[in-house]
Amino acid sequence: IVSRKNQPDSTVIKVKDTLVGGKASIMVAGPCSVESYQQTREVGAALKEAGVPILRGGAFKPRTSPYDFQGLGVEGLQILKRVGDEFGLATISEIVDPRHLEEAIQYIDIIQIGARNMHNFELLKAAGETRTPVLLKRGLAATMEEFLHAAEYIVSRGNTQVMLIERGIRTYEKWTRNTLDISAVPILKKESHLPVLVDVTHSTGRKDILAPCAKAALAAGADGIMVEVHPNPAVALSDAQQQLNIPEFHNFLSEVKESGLFK
Ligand code: PEP
Ligand code: MN
């Protein structure tokens with residue numbers, strides 16, 4: 097179903113008033129984790145000011161260590177909804193457990209399935225039973241075939257509103273957090289009709305190269321970019337090193353827009 101051979105026209109997904117996969121490029125931004133109403137609101141206000149339509153924020157955090165901040169859970173989703181409603185932003189948050197889906201979709205506009213759960217077939221099937229758009233992240237070491245089959249798990253259950261996002265893969269390279277696989281973008285665009293985004297933050301883990309990587313992604317045909325933004329990254333409860341502060345976010349957006357690649 098996800099193959100371009102099956103559907104030559106690109107899928108365009110409507111989220112609130114925003115189209116993903118249409119003519120206009122899309123920016124998704126927000127904190128790694130929802131930490132408080134105030135923190136999320138500051139980012140929401142910055143997005144509104146910048147004309148960025150989709151606010152991201154993790155409420156169920158898949159952390160490497162069980163002793164690290166695990167997210168606010170449903171309370172985090174409620175904060176996201178409150179801020180989204182306040183500024184007219186669509187919201188996106190990762191769901192890690194099929195049992196949380198039904199409640200979660202009352203609060204969020206897009207279900208994120210994270211890299212660690214791309215192979216969680218029961219979660220994929222459950223997301224496929226909903227009619228809420230899904231942002232599916234590429235697994236940490238997933239091939240293109242595995243990635244597209246994961247998407248197929250969702251759409252084959254009737255939920256055709258799936259967006260794919262490249263977020264870097266594991267390689268031997270240590271100077272970036274993951275290796276951004278730019279070639280994934282034209283391959284996915286060629287093989288599938290689904291929208292393709294690139295998460296420049298988790299793929300690189302480096303604030304200093306976000307803009308060139310975003311430009312490269314757009315030049316390669318990406319429909320949109322995801323980036324992490326926090327009012328005070330130094331005290332962030334997750335991914336403190338890699339999140340942009342608000343002035344840095346505005347600079348990042350200007351640089352990407354000035355390139356003319358962000359349509
Ligand atoms: C995230 O986007 O919050 C996240 C945890 O990313 P990933 O699943 O790509 O590691
Ligand atoms: Mn993060």
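At position 150 of the sequence shown (counting the first as 1) the number is 246 in the UniProt record's numbering, and the numbers step up by one without a gap.
Beta carbons are placed, not taken as given, at the ideal position from N, Cα and C, and that holds for glycine.
- One residue after another in chain order, those with a Cβ under 5 Å from a heavy atom of the ligand MN are 128 and 335.
- Under a 10 Å Cβ-count criterion, residue 224 is classified as buried, with 16 or more other Cβ atoms of the shown protein chains found around its own Cβ.
- As for any beta strand (DSSP E) of minimum length 3 sitting wholly inside the stretch 204-233, the runs are 206-209 and 230-233, ordered along the chain.
- Relative to residue 268, the option among 331, 276 and 262 whose CA is nearest is 276.
- Distances from the CB of residue 263 to the heavy atoms of the ligand PEP include at least one below 6 Å.
- Pairing residue 213 with residue 163, the inter-Cα distance amounts to about 20 Å.
- Placement of the Cβ of residue 298 at a distance of less than 6 Å from at least one heavy atom of the ligand PEP is found.
- When DSSP states are grouped into helix, strand and coil, residue 260 belongs to the strand group.
- Here residue 288 has 98, 99, 100, 244, 247 and 260 as same chain residues with Cβ atoms under 8 Å from its own Cβ, once five neighbours each way along the sequence are excluded.
- DSSP, reduced to helix, strand and coil, places residue 244 within a helical segment of the structure shown.
- Residue 302 and residue 296 have their C-alpha atoms some 9 Å from each other.
- Taken in chain order, the whole alpha helix (DSSP H) runs of length 4 or more contained in the stretch 289-320 are 296-300 and 306-315.
- With a cut-off of 6 Å, the C-beta of residue 233 is classified as near the ligand PEP, since at least one heavy atom of the ligand falls inside that distance.
- At least one heavy atom of the ligand PEP lies less than 6 Å from the C-beta of residue 154.
- Judged by their CB atoms, residue 192 and residue 137 are not nearer to each other than the 7 Å cut-off.
- Between the alpha carbons of residue 318 and residue 199 lies a gap of roughly 31 Å.
- Ranked by Cα distance from residue 309, the options 336, 119, 343 and 352 are led by 352.
- Boundaries of the alpha helix (DSSP H) around residue 136: 133-146.
- With a threshold of 6 Å, the Cβ atom of residue 211 counts as near the ligand PEP, since some heavy atom of the ligand is closer than that.
- Looking at the DSSP output, residue 186 shares a beta bridge with 150.
- In the DSSP assignment, residue 98 forms no beta bridge with any residue.
- By the Cβ neighbour-count rule, residue 172 is buried, with 16 or more other Cβ atoms within 10 Å of its own.
- Shown here for residue 133: same chain residues with a beta carbon closer than 8 Å to its own, the five before and five after excluded, namely 175, 178 and 179 in chain order.
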